[in-house]
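Peer 1: Protein chains in written order, with this note's numbering: chain V, 1 to 117; chain W, 1 to 115. For each residue, glycine too, the CB sits at the ideal point set by N, CA and C. Predicted, not measured: the structure shown is a model, and the values here were computed from it. There's a structure below that I have some questions on.
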Amino acid sequence: DTGVSQDPRHKITKRGQNVTFRCDPISEHNRLYWYRQTLGQGPEFLTYFQNEAQLEKSRLLSDRFSAERPKGSFSTLEIQRTEQGDSAMYLCASSLAGTAYTGNTIYFGEGSWLTVV
Amino acid sequence: AQKVTQAQTEISVVEKEDVTLDCVYETRDTTYYLFWYKQPPSGELVFLIRRNSFDEQNEISGRYSWNFQKSTSSFNFTITASQVVDSAVYFCALSEAGGANNLFFGTGTRLTVIP
Chain V
1 DTGVSQDPRH KITKRGQNVT FRCDPISEHN RLYWYRQTLG QGPEFLTYFQ
51 NEAQLEKSRL LSDRFSAERP KGSFSTLEIQ RTEQGDSAMY LCASSLAGTA
101 YTGNTIYFGE GSWLTVV
Chain W
1 AQKVTQAQTE ISVVEKEDVT LDCVYETRDT TYYLFWYKQP PSGELVFLIR
51 RNSFDEQNEI SGRYSWNFQK STSSFNFTIT ASQVVDSAVY FCALSEAGGA
101 NNLFFGTGTR LTVIP
């Protein structure tokens, strides 16, 4: 059983450029999440998909951010016109939708570090 | 509103000592879930445990144990006989029933185990 994989692991880009991150979730998981983590902080929720539908977006997800999960499998997170404040680690995670009794356990990938210079 | 507080920013212990990481949470939901994750220097968040709000039984897994007390809204994590490999940042997190079940994280506790 392979875990959540993310690519690239590190990206350095110039301010104003666009970047795209890819996430491959655990194969049988129908939920996929994106989080952002800055130094010294815990991860913060950005958005999540159930299958191919994007069901929730955080207010942190500005108009420059877009996420897709076209076939309910892998997902991409694109940041347009990057700013220095976008420098962070972008974590992808996946889970199976749970019940109110069981909840669900979210499994994370190793993250994609973004540095905007 | 949900909130998770990890008041201990950094802890250092000598190898083989026991250490307890504190977590206090706030939620208005009656059904919720509590988690601990470990983040080693590589960056990956490693799932350690999930607890449902209606199950206050404490849990032990090897050198790890968790104490869940609804009366004080706490979910503390104890490592006994700490090892150098335990050095990492540990995050406590909360999710609520329904919707995205997304996680609300504390700011983490950096544990350093000194050989």
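Could you tell me the alpha carbon to alpha carbon distance between Gly40 of chain V and Ala67 of chain V, rounded to whole angstroms?
Peer 2: Stepping through the first sequence from its first residue, residue 40 of chain V is reached at position 40. Stepping through the first sequence from its first residue, residue 67 of chain V is reached at position 67. Straight-line Cα distance between these residues: approximately 25 Å.
Peer 1: Quick one, which residues of the segment 62-85 of chain W are near chain V if we go by CB-CB under 9 Å, in chain order?
Peer 2: Listed in sequence order: no entries.
Peer 1: Can you give me the Cβ contacts of Thr13 of chain V inside the same chain, cut-off strictly under 8 Å, excluding the 5 residues immediately before and after it?
Peer 2: As a first step, residue 13 of chain V is located in the first sequence; it is residue number 13 there, counting from the start. Around Thr13 of chain V: Val19, Thr82, Leu114, Thr115, Val116 and Val117.
Peer 1: Using C-beta distances below 6 Å, list every residue in its chain close to Thr76 of chain V, excluding the 5 sequence neighbours before and after it, in chain order.
Peer 2: Along the first sequence, read from residue 1 onward, the residue named residue 76 of chain V stands at position 76. Thr20, Arg22 and Glu68, listed in sequence order.
Peer 1: Nearest by alpha-carbon distance to Ser53 of chain W: which of W:Ile60, W:Gly43 and W:Thr72 is it?
Peer 2: Taking the second sequence and counting its residues from 1, one reaches residue 53 of chain W at position 53. Checking every option, the nearest Cα to that of Ser53 of chain W belongs to W:Thr72.
Peer 1: Considering Gln54 of chain V, what are the terminal residues of the beta strand (DSSP E) in which it resides?
Peer 2: One-based indexing of the first sequence puts residue 54 of chain V at position 54. Residues Ala53 to Lys57.
Peer 1: Can you confirm whether the segment 33-46 of chain W touches the segment 56-63 of chain W when touching is taken to mean that 3 or more C-beta pairs between the two stretches lie within less than 8 Å?
Peer 2: Verdict: no, contact absent.
Peer 1: So if I threshold CB-CB distances at 8 Å, which residues from the segment 95-107 of chain W count as touching chain V?
Peer 2: The residues in question are Ser95, Ala97, Gly98, Gly99, Ala100, Asn101, Asn102, Leu103, Phe104, Phe105, Gly106 and Thr107.
Peer 1: Quick one: is Ser87 of chain W near chain V, going by C-beta distance under 8 Å?
Peer 2: On the second sequence, position 87 is the one that residue 87 of chain W refers to. No, Ser87 of chain W does not count as interfacial toward chain V.
Peer 1: Would you kindly work out how many angstroms separate the C-alpha atoms of Leu55 of chain V and Arg36 of chain V, rounded to a whole number?
Peer 2: The residue you call residue 55 of chain V lines up with position 55 of the first sequence. The residue you call residue 36 of chain V lines up with position 36 of the first sequence. C-alpha separation (whole angstroms): 18 Å.
Peer 1: Taking a contact to mean a Cβ-Cβ separation below 8 Å, would you say Cys92 of chain V touches Tyr33 of chain V in this structure?
Peer 2: Within the first sequence, residue 92 of chain V is the residue found at index 92, counting from 1. Within the first sequence, residue 33 of chain V is the residue found at index 33, counting from 1. In this structure, Tyr33 of chain V lies closer than 8 Å to Cys92 of chain V by Cβ.
Peer 1: If you draw a straight line from the alpha carbon of Asp63 of chain V to that of Lys16 of chain W, how long is it in whole angstroms?
Peer 2: Reading the first sequence from its first residue, position 63 is the one you call residue 63 of chain V. Reading the second sequence from its first residue, position 16 is the one you call residue 16 of chain W. Going from the Cα of Asp63 of chain V to the Cα of Lys16 of chain W covers about 50 Å.
Peer 1: Cα separation between Gln52 of chain V and Pro8 of chain V?
Peer 2: For this step, residue 52 of chain V is matched to residue 52 along the first sequence. For this step, residue 8 of chain V is matched to residue 8 along the first sequence. The sequence as given places Glu at residue 52 of chain V; Gln does not occur at that position. Taking the straight line from one Cα to the other gives about 22 Å.
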